[in-house]
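Here is the structure we will look at.
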Amino acid sequence: MSADLPFSCRCGAVKGVIEKAGPREGDFVVCHCTDCQTFARRFQAEDRVTGDDAGTLLYQSRCARMRIAQGRGELRCLHLTDKPTMRWFARCCGTPLFNSYKNGKLPYVTTLVGNCEADDRERLLGEPIGHLFVDDDPHCTGQVRRMAMHTLMRRFFVRMLKDILSGDRRRSALFDSRTLEPISSPEHPTEDTMAHVG
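Here is the structure:
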């Protein structure tokens, strides 16, 4: 089963959909890595973007399937570390929204699906297929289905090739279609300035 899965920021200024969302079209996972925890804490959004077992609820889909219907100008991004992952948020209300590579040349996007209605998310995505980086999260104390990052990357590789070969990576809402550079200049907060980002 697949259909469009709506999402929005906390205040509703940024809205969009994940097109053709479903287990056959992308991967619903829970990430417990330190960076995801930091991202949620930065915006005091743990209660919004995390699940019952702690960890950030993520759906990794083809990049052109994540469509912004309104509020694209409110999107901003951060580099929390020296890694190439960018964290996207809504400037209007400080809602964490997406993760991506530093540019559109490597076409992936994960949507923080805690920003979707729980009933819609459950109906379309089902249960998470695995939990990543469980040992990084002291709040995850229950038994969960662990998943290695390289397993997820193998699954992502097929979607990445489709996006590159079809040209769909130039249809990402987060990157300029010509240059594949982010639509917002990344910020590089330090520990001292994290509280002032956004």
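Residue 1292 in the working numbering sits at position 177 of the sequence shown, and the numbers go up by one each step. Idealized CB from N, CA, C, for every residue including glycine.
According to DSSP, residue pairing for residue 1143 in a beta bridge involves 1174.
If you draw a straight line from the Cα of residue 1188 to the Cα of residue 1128, it is about 10 Å long. Per DSSP, the beta bridge partners of residue 1211 are 1204. For residue 1273, the secondary structure class from DSSP, reduced to helix, strand or coil, is helix. Residue burial is scored here from C-beta neighbours: residue 1199 has fewer than 16 other C-beta atoms within 10 angstroms and is therefore classed as exposed. DSSP places residue 1290 in the strand class (E or B) of the three-state scheme. Looking at the DSSP output, residue 1182 bridges to 1132. The three-state reading of DSSP puts residue 1266 in helix, counting H, G and I together. Residue burial is scored here from C-beta neighbours: residue 1228 has at least 16 other C-beta atoms within 10 angstroms and is therefore classed as buried. The shortest C-alpha to C-alpha distance from residue 1287 to any of 1207, 1151, 1215 and 1263 is the one to 1215. Membership of residue 1226 in the beta strand (DSSP E) is indicated by the continuous run 1224-1227.
Counting only the Cα atoms, residue 1254 lies some 32 Å from residue 1180. With respect to residue 1299, residue 1190 sits close: the two C-beta atoms are nearer than 7 Å. Collapsing the DSSP output to three states places residue 1154 in a helix. Take residue 1125, set aside five residues on each side of it, and the residues of its chain with a beta-carbon closer than 6 Å to its own are 1208 and 1210, in chain order. Taking the C-beta atoms as reference points, residue 1284 is found nearer than 7 Å to residue 1222. Going by C-alpha positions, residue 1259 is about 28 Å away from residue 1275.
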